[in-house]
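**Q**
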Amino acid sequence: MKDLLRRARLPLPLAALIAALALPPSGTGDEDKDKPAKRERKFALVIGVRAYKPAHLRSLVYSDRDAKALAEFLPQLGYRQVLSMTYEAAGEDAELLPTARNVRDMLKEFLHERRKDDTILVAFLGHSVQFQGDREHYLCPIDADLTDRDALVGLGDVYKELGKCQAGTKILLLDVCRPQPQSAKSSVKLVKVPRPQEVEVPPGLRVLFGCSPGECSHESDYLKHGIFSYFLLEGLRGKAVARSGELSLGGALKYVQDEVPGRAQVDAGAKVRQTPVLLGEKDRLVFQPGLRDGEGFTNSIGMKLVLVPAGKFKMGSPDGEAERDPDEGPVHEVEMARRHYVGAYEVTQAQYKKMTSASPSHFASTGRGADKVKGMDTSSFPVDSVTWMEAKLFCERLSALPAEKAAGRLYRLPTEAEWEHACRAGGRSRPFHFGDDLSSPLANFNGLTPYGAALTGPYLQRTTAVGSYKPNAWGLYDMHGNVREWCSDAYDKDYYARTPARDPEGPHAGNPKVMRGGAWSDIARACRSAYRASDNATARSITCGFRVVCVPAHE
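For reference, each letter of the sequence shown is one residue, going 84 to 638 in this note's numbering.
(1) Quick check: the stretch 540-547 against the stretch 603-610, are at least 3 beta-carbon pairs closer than 8 Å?
(2) Would you call the stretch 121-141 in contact with the stretch 191-206, where contact means no fewer than 3 C-beta pairs closer than 8 Å?
(3) Is Phe156 helix, strand or coil by DSSP?
(4) Tell me whether the beta-carbon of Met438 lies closer than 8 Å to the beta-carbon of Leu481.
(5) Find the nearest neighbour of Leu291 within the set Trp502, Leu476, Lys365, Arg356, judged by alpha-carbon distance.
(6) With a threshold of 6 Å on Cβ separation, who are the neighbours of Tyr542 within its own chain once the five nearest residues in sequence on each side are excluded?
(7) Report yes if the C-beta distance between Phe370 and Leu306 is below 8 Å; otherwise report no.
(8) Please classify Arg289: does DSSP put it in a helix, a strand, or coil?
(9) CB-CB under 8 Å to Asp228, same chain, minus the five flanking residues each way: which ones, in chain order?
(10) Check each candidate in Leu525, Tyr162, His220 and name the one with the smallest Cα separation from Leu128.
(11) Return the CA-CA distance between Pro590 and Arg141, expressed in angstroms with no decimal places.
(12) Whole angstroms is fine: what's the gap from Leu319's alpha carbon to Phe380's?
(13) Between the stretch 170-187 and the stretch 218-232, are three or more C-beta pairs nearer than 8 Å?
(14) Considering just the uninterrupted stretch of the alpha helix (DSSP H) at Leu388, what are its terminal residues?
(15) From the DSSP secondary-structure annotation, give me the bridge partner or partners of Ile203.
(16) Going by DSSP in three states, Trp557 sits in which element: helix, strand or coil?
(17) Considering only C-alpha positions, which residue in the set Arg367, Asp217, Pro392 is nearest to Gly509?
(18) Rounded to whole angstroms, what is the Cα-Cα separation between Ala405 and Ala347?
(19) Classify Tyr170 as helix, strand or coil using the three-state DSSP reduction.
(20) Between the stretch 421-440 and the stretch 464-475, do three or more beta carbon pairs fall short of 8 Å?
(21) Quick check on this structure: which residue in Leu256, Asp577, Glu298, Asn565 has the alpha carbon closest to the alpha carbon of Val414?
(22) Rounded to a whole number of angstroms, what is the C-alpha to C-alpha distance between Ala420 and Asp231?
(23) Which of helix, strand or coil does DSSP assign to Asp188?
(24) How big is the Cα-Cα spacing for Ser571 and Tyr579?
(25) Threshold first: 3 residues or longer. Then list the beta strand (DSSP E) segments lying entirely within the stretch 365-445, N to C.
(26) For Asp304, is the classification buried or exposed, using 16 other Cβ atoms within 10 angstroms of its Cβ as the cut-off for buried?
(27) Closer than 7 Å by C-beta to Glu487: which residues in its own chain qualify, once you throw out the five before and the five after it? Chain order, please.
(28) Considering only the alpha carbon of each residue, which of Asp520, Leu521, Leu538, Thr582 lies closest to Glu499?
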């Protein structure tokens, strides 16, 4: 069993995201300064049971799938040793079959010799039962027999083992209490709805249940997951992240409490009640500390991407903004529910050529505008003359690179809402991320046509190297000018009147496609944060390029 723990199979690593999401190394606080601080270690044991003996319990549909999804995600929160006990996992090692004996033995070995700076997470997804006249609540392993208590796993025994464990942080996740778990053939008298909360939670342990006392935890054929497990994972993946970038157990609880009840009523009936609840230690537990705006990573082809936090912003331009267009309103609040990474710069000519072997740019030594850039190294200029289809293909090829696949990163064009959220960088609704005026020392556009109270300035009549002007508050460059940038949305002039309040993606199909940000040749008004341009997906223009968004591969 110990050898099995040592060779616990890890899911595909998401290197950059683990670096962003894992807690930093920490010491015990009382070590000698000359001794190296101990690193926090994180361990997880995930048990999923779907199939049961027909004479005793009805089989479930999605608990194995839930367990697999959780085990594959936990490394992103710094859990570098994740052990799964499911029917599928047992195909590689019989000790991973979640029988009562294996679960008890594995739990003891898993918790043995942990130290104070360790974090332990144990999850059980399956049936649970409570017998009439018996205060104990039992988790049901794959060989559960309702006539034999030894074929069940007492929750009190699990609590006892966790209570003895020396780990400083201990979490137990229970997606249990499913409705009417008995087989029609079983005559054993059970409590109608299990109440695991009757078993006292030991000090130092946090227990997150998929439902409250007197409720059941439901599966969803629509989600193809247990409802609680699905939304817990959604929350941990980013939807429960605070605006500061912090992910806490309390934040995850609030998210599942907001999402689970409504979904349960849709899938299981209007009278159904399912509200997750947290018991045990109440002090604040942070899964992942807040990240500073602009933190990020450099990918395998040298592109720098920065973190854009989740949060709400006012999209569009107010009626009083000078030179606005009708399609920029009405102003509406939009919530970006998930953090994501955005290219700090527009995609350069060198990066585009590296991925496609093509050099379409007008402003390049081989382009029609070569006279405008004579003697210049344009490799760091933004690629121009790229169609929407070609920009999309670039993202697909980048996502397919072995290094990017191994890191679990997917690339795509930003949605129109993501682009404007990133451009404004948390600021209030003003024409530009740096204020109300625009002159050409601030961005690459037609400086002869400034905006607001700004004075006229130089007009380069060409693109320039990315990053030549000051970035916004989140470290994003050239959000105004240089080249217009393709977005993923199809253009709809009336879309703002009916856009979803959360993560709007815009129309998917059809033409034209949205472009944002303005270009080297545009007048200042066309470089505003809210300005919307568009063109056909196959159009090629010397004023248009793109930047990328990066999201985790599981989303």
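Just so it is clear, CB atoms sit at the ideal spot from N, CA and C, and this is done for glycine as well.
**A** Once the coordinates are examined:
(1) With a cut-off of 8 Å, the stretch 540-547 and the stretch 603-610 count as touching, because enough Cβ pairs lie within range.
(2) They touch, by the three-pair rule.
(3) The residue you call residue 156 lines up with position 73 of the sequence shown. DSSP, reduced to helix, strand and coil, places Phe156 within a helical segment of the structure shown.
(4) Here the question's residue 438 lines up with position 355 in the sequence shown. Here the question's residue 481 lines up with position 398 in the sequence shown. Yes.
(5) On the sequence shown, residue 291 is found 208 positions in, with the first residue counted as 1. The shortest Cα separation from Leu291 among Trp502, Leu476, Lys365, Arg356 belongs to Lys365.
(6) Working through the sequence shown from its first residue, we reach residue 542 at position 459. For Tyr542, where only same-chain residues beyond five positions count, the Cβ hits under 6 Å are Asn529, Gly530, Leu531.
(7) Stepping through the sequence shown from its first residue, residue 370 is reached at position 287. Stepping through the sequence shown from its first residue, residue 306 is reached at position 223. Annotated as distal: Phe370 and Leu306, with beta-carbon spacing of 8 Å or more.
(8) Position 206 of the sequence shown, counted from the start, is the residue given in the question as residue 289. DSSP places Arg289 in the strand class (E or B) of the three-state scheme.
(9) What you label residue 228 is simply residue 145 of the sequence shown in a count that begins at 1. The answer, listed in chain order, is Lys136, His139, Ala234, Leu235.
(10) As a first step, residue 128 is located in the sequence shown; it is residue number 45 there, counting from the start. Ranked by how close their Cα comes to the Cα of Leu128, the residues Leu525, Tyr162, His220 have Tyr162 in first place.
(11) Within the sequence shown, residue 590 is the residue found at index 507, counting from 1. Within the sequence shown, residue 141 is the residue found at index 58, counting from 1. Pro590 and Arg141 have their C-alpha atoms some 43 Å from each other.
(12) Along the sequence shown, read from residue 1 onward, the residue named residue 319 stands at position 236. Along the sequence shown, read from residue 1 onward, the residue named residue 380 stands at position 297. As the crow flies, the alpha-carbon of Leu319 is around 20 Å from that of Phe380.
(13) They touch, by the three-pair rule.
(14) By 1-based counting over the sequence shown, the position of residue 388 is 305. Here Leu388 belongs to no alpha helix (DSSP H); instead the beta strand (DSSP E) covers 387-391.
(15) Your numbering for residue 203 matches position 120 in the sequence shown. In the DSSP output, where bridge partners are listed per residue, Ile203 has Phe126, Lys253.
(16) Counted from its first residue, the sequence shown places residue 557 at position 474. In the three-state reduction of the DSSP assignment, Trp557 falls in the coil class.
(17) Counting from one through the sequence shown, the residue named residue 509 turns up at place 426. For Gly509, the nearest C-alpha among the options comes from Pro392.
(18) Position 322 of the sequence shown, counting from 1, holds the residue named residue 405. Position 264 of the sequence shown, counting from 1, holds the residue named residue 347. Cα to Cα, Ala405 sits roughly 48 Å from Ala347.
(19) Indexing the sequence shown from 1 puts residue 170 at position 87. Coil.
(20) Yes: the two stretches touch, three or more of their Cβ pairs being nearer than 8 Å.
(21) Along the sequence shown, read from residue 1 onward, the residue named residue 414 stands at position 331. Sorting Leu256, Asp577, Glu298, Asn565 by C-alpha distance to the C-alpha of Val414 places Asp577 at the top.
(22) In the sequence shown, counting from the first residue as 1, residue 420 sits at position 337. In the sequence shown, counting from the first residue as 1, residue 231 sits at position 148. Distance between the alpha carbons of Ala420 and Asp231: 47 Å.
(23) Locating residue 188 in the sequence shown gives position 105, counting from the first residue. When DSSP states are grouped into helix, strand and coil, Asp188 belongs to the helix group.
(24) Sequence index remark: in the sequence shown, residue 571 carries index 488 (1-based). Sequence index remark: in the sequence shown, residue 579 carries index 496 (1-based). Distance from the CA atom of Ser571 to the CA atom of Tyr579, rounded to whole angstroms, is 16 Å.
(25) The qualifying runs are 369-371, 379-381, 387-391, 394-398, 415-419, 423-426.
(26) The residue given as residue 304 occupies position 221 in the sequence shown. Counting Cβ neighbours within 10 Å, Asp304 comes out exposed, since fewer than 16 surround it.
(27) Against the sequence shown, residue 487 aligns to sequence position 404. Excluding positions up to five away in sequence, the list reads Asn382, Ser383, Leu481.
(28) Indexing the sequence shown from 1 puts residue 499 at position 416. Relative to Glu499, the option among Asp520, Leu521, Leu538, Thr582 whose CA is nearest is Thr582.
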